[in-house]
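Below: one structure, written as structure tokens.
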Amino acid sequence: MDIKIFLISFMTTSILFSLLYIPTKQTHPITIFKPTKKLIIPKDINSYNVTFAYLISASNGDTMKLKRLILALYHPGNHYLIHYDAGAPQNEHQEIARFVSSNVVFNEVGNVWIVKKANLVTYRGPTMLATTLHAISLLLRTAKWDWFINLSASDYPLVTQDDLIHAFSSLPKDLNFVQHSSHLGWKMNKRGKPIIMDPGLHSVNKSEIWWAIKQRTLPTAFKLYTGLILLSFLFYIPYSFFFLSICGSQNFGSSNWHQ
């Protein structure tokens with residue numbers, strides 16, 4: 001009988017103690033893990049075997065496509081220069097500026113820029129070439145890189161930047177990717193022969209290029225080339241001689257870079 005009384009007393013005491021102890025523990029705050037260090041991103045791009053410099057051109061209505069492209073294309077080892085056409089609405093310029101400035105990684109690495117004084121660009125016209133030359137000049141003064149790639153907001157990568165860097169890491173860095181005029185294909189009739197007038201050269205209003213009815217014959221004094229070019233080649237291209245230069249090599253003679 002004494003044992004039963006002891007057990008009943010012990011169980012009752014245990015239950016009362018538990019009821020008092022559990023609420024007390026629940027009032028303590030739950031410990032949440034917080035990282036003690038920031039996101040570590042290497043700022044020394046020399047840690048990557050290959051570095052690309054991208055010019056990404058966009059115009060009116062391209063804000064969503066531009067955001068999609070830059071996020072898919074981004075890599076901390078590359079450099080990105082955005083040119084948003086001067087003919088686009090001001091709110092689109094502001095939206096892209098906010099997009100770049102508010103991205104934590106872009107700010108941490110510091111390799112995404114926007115051309116402040118944008119040009120009025122006519123697609124396939126001389127103003128498009130002038131904008132490309134301007135962007136090349138800015139990238140040459142701003143960063144060190146190996147290859148220059150020109151894209152529009154409508155483009156989208158088919159491979160990751162890590163795969164692209166890996167593929168190019170085994171190539172000589174003095175290698176240009178050039179197509180000879182005998183292999184230009186559709187570019188011969190669409191780009192080499194047409195006679196055009198670019199309104200962006202003399203007008204402040206955005207409009208399409210003017211096409212002449214007749215076409216010219218392909219030039220015979222120089223050759224046409226297209227392709228992907230590296231940084232050292234671009235140092236040889238002054239603005240006024242862009243059409244008549246490729247790299248000053250005797251292997252190319254009188255040449256014309258046509259993009």
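Using the UniProt record's numbering, read the sequence shown as starting at 1 and increasing by one per residue. Glycine included, each C-beta is placed from N, C-alpha and C at the ideal position. Quick caveat, the model's predicted, so the values are computed rather than measured.
For residue j and residue i, the rounded distance between their alpha carbons
i           : j           : result
residue 107 : residue 151 : 22 Å
residue 142 : residue 99  : 21 Å
residue 69  : residue 155 : 7 Å
residue 36  : residue 103 : Confidence in residue 36 is poor, its pLDDT being 43 and thus under 50, which makes the residue's placement unreliable; the coordinate value appears in the next sentence. Each residue's alpha carbon lies about 21 Å from the other.
residue 119 : residue 75  : 26 Å
residue 193 : residue 215 : 5 Å
residue 128 : residue 84  : 12 Å
residue 57  : residue 197 : 21 Å
residue 48  : residue 211 : 45 Å
residue 109 : residue 145 : 15 Å
residue 82  : residue 123 : 16 Å
residue 93  : residue 149 : 22 Å
residue 91  : residue 220 : 47 Å
residue 117 : residue 189 : 33 Å
residue 165 : residue 67  : 22 Å
residue 185 : residue 171 : 26 Å
Environment of residue i [buried if 16+ CB atoms lie within 10 Å]
i           : result
residue 60  : exposed
residue 162 : exposed
residue 213 : exposed
residue 159 : exposed
residue 96  : buried
residue 71  : exposed
residue 28  : Bear in mind that the predicted position of residue 28 carries a pLDDT of just 42, short of 50, making it too unreliable to give a figure here.
Sequence-distant residues of the same chain with beta carbon closer than 6 Å to residue i, five excluded per side
i           : result
residue 175 : none
residue 73  : 157
residue 80  : 54 and 112
residue 167 : none
Coarse secondary structure for residue i, derived from DSSP in three states
i           : result
residue 93  : helix
residue 53  : strand
residue 150 : strand
residue 214 : strand
residue 81  : strand
residue 109 : helix
residue 126 : helix
residue 88  : coil
residue 58  : strand
residue 114 : strand
Spatial neighbours of residue i in its chain, beta-carbon cut-off 8 Å, leaving aside the 5 residues before and after
i           : result
residue 121 : 57, 59, 83, 85, 86, 87, 127, 128, 131 and 200
residue 169 : 49 and 50
residue 138 : 81, 113 and 115
residue 89  : 60
residue 217 : 193
residue 101 : 107
residue 65  : 58, 153 and 154
Own chain partners of residue i with C-beta closer than 7 Å, once the 5 adjacent residues on each side are dropped
i          : result
residue 62 : 153
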